[in-house]
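Residue numbers (the working numbering): -14 to 338.
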């Protein structure tokens, strides 16, 4: 039996804010009710004092130019270097450049209000890493999808960094309820994920992000129609094996299988000879084999066997429920990283089944 791990943003440490009715309540419960500011960065360097008049004159000159001497250390401002910090506790968060534009936590909630409607978001989880270097908020949209009677819920996830390590990321992703599979997919002209750097234009970009993502009832319905189309495409077990292999293997690896007289099916059935001859890694073999097993026995798979929808959910189900990464690494990989790209690629490949 396969265990359903749940949504990637419900990891240990994330705060459940589903009982919150307003953005203000979410910020308070999740500890996001703080602001961030930027200050000059100063370097602390040891200095040897000999007490000569020449040295005293030099120190006086440097102090006039902004340096500061305290004890046996001298402090100088670092050019084009600033620190971000929490204004409530004066805790430094990171080092940034002069043009770095701060995006406050409440800007995330303003985005949800603009994209969904004020107080219309169904809040899920929220929280921050460390001292607040990185924050996130997740919410469910009020409009859901039915794929052959199978409910799929739509979610928005907003992440931001305050330490200069990354930008603002906004993700629109459906989740299949029965198995909690993350269904990242870019449909036609709409992307499911956008990222903005902390430049002077970041606030304007956030304000139009909902248009880029296509977060609307029409786009949600379009995704539902696409999934129902996949549910009507009939596939064989051989099709599914090929589909899983093409999603994971490189073109060179597939060619090596052909050149050595083997098939993706051999890899799915864990043929040691095929593995040795093709020089495909045992890790990839295990992923292909486990994904194929999940296609038959994963949660909610029995009712969608023999369809392209079932094949896509085998891949999303593997990364959502079997893959052994946990916590924030799982959050990042499924929402924005390599696992997200694998799931999105599965949707693209499914059209050819």
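All C-beta atoms in this analysis are idealised placements derived from N, C-alpha and C, irrespective of residue type, glycine included.
Collapsed DSSP secondary structure at residue i in the structure displayed
{"i": "residue 48", "result": "helix"}
{"i": "residue 54", "result": "strand"}
{"i": "residue 174", "result": "For residue 174, the pLDDT reaches just 49, beneath the cut-off of 50, and the residue's location in the model is therefore unreliable, although a value from the coordinates is still provided. Note: residue 174 maps to coil in three-state DSSP."}
{"i": "residue 273", "result": "helix"}
{"i": "residue 210", "result": "helix"}
{"i": "residue 140", "result": "strand"}
{"i": "residue 145", "result": "strand"}
{"i": "residue 218", "result": "coil"}
{"i": "residue 19", "result": "coil"}
{"i": "residue 161", "result": "strand"}
{"i": "residue 3", "result": "coil"}
{"i": "residue 33", "result": "coil"}
{"i": "residue 294", "result": "helix"}
{"i": "residue 85", "result": "coil"}
{"i": "residue 110", "result": "strand"}
{"i": "residue 234", "result": "coil"}
Spatial distance of residue i from residue j (CA atoms)
{"i": "residue 314", "j": "residue 306", "result": "14 Å"}
{"i": "residue 140", "j": "residue 149", "result": "26 Å"}
{"i": "residue 308", "j": "residue 121", "result": "23 Å"}
{"i": "residue 264", "j": "residue 240", "result": "11 Å"}
{"i": "residue 110", "j": "residue 33", "result": "53 Å"}
{"i": "residue 180", "j": "residue 169", "result": "15 Å"}
{"i": "residue 194", "j": "residue 184", "result": "15 Å"}
{"i": "residue 106", "j": "residue -8", "result": "17 Å"}
{"i": "residue 248", "j": "residue 91", "result": "53 Å"}
C-beta atoms of residue i and residue j nearer than 8 Å
{"i": "residue 132", "j": "residue 209", "result": "yes"}
{"i": "residue 177", "j": "residue 156", "result": "yes"}
{"i": "residue 205", "j": "residue 319", "result": "no"}
{"i": "residue 124", "j": "residue 215", "result": "no"}
{"i": "residue 8", "j": "residue 94", "result": "yes"}
{"i": "residue 286", "j": "residue 277", "result": "no"}
{"i": "residue -4", "j": "residue 312", "result": "yes"}
{"i": "residue 220", "j": "residue 283", "result": "no"}
{"i": "residue 99", "j": "residue 192", "result": "yes"}
{"i": "residue 138", "j": "residue 163", "result": "no"}
Buried versus exposed call for residue i [16 or more other C-beta atoms within 10 Å across all chains shown]
{"i": "residue 174", "result": "Unreliable positioning characterises residue 174 in this predicted model, as indicated by a pLDDT of 49, which lies under 50. The coordinate reading is nonetheless provided below. Classification of residue 174: exposed, given that the 10 Å Cβ count is below 16."}
{"i": "residue 30", "result": "exposed"}
{"i": "residue 136", "result": "exposed"}
{"i": "residue 255", "result": "exposed"}
{"i": "residue 182", "result": "exposed"}
{"i": "residue 237", "result": "exposed"}
{"i": "residue 104", "result": "exposed"}
{"i": "residue 58", "result": "exposed"}
{"i": "residue 17", "result": "buried"}
{"i": "residue 212", "result": "buried"}
{"i": "residue 288", "result": "exposed"}
{"i": "residue 119", "result": "buried"}
{"i": "residue 327", "result": "buried"}
heavy atom of the ligand SAH below 7 Å from residue i C-beta
{"i": "residue 150", "result": "Of the ligands one can find in the structure shown there are none, so the ligand SAH has no counterpart to examine."}
Expected contact under 8 Å - CB spacing of residue i and residue j to nearest Å
{"i": "residue 23", "j": "residue 69", "result": "6 Å"}
{"i": "residue 262", "j": "residue 245", "result": "4 Å"}
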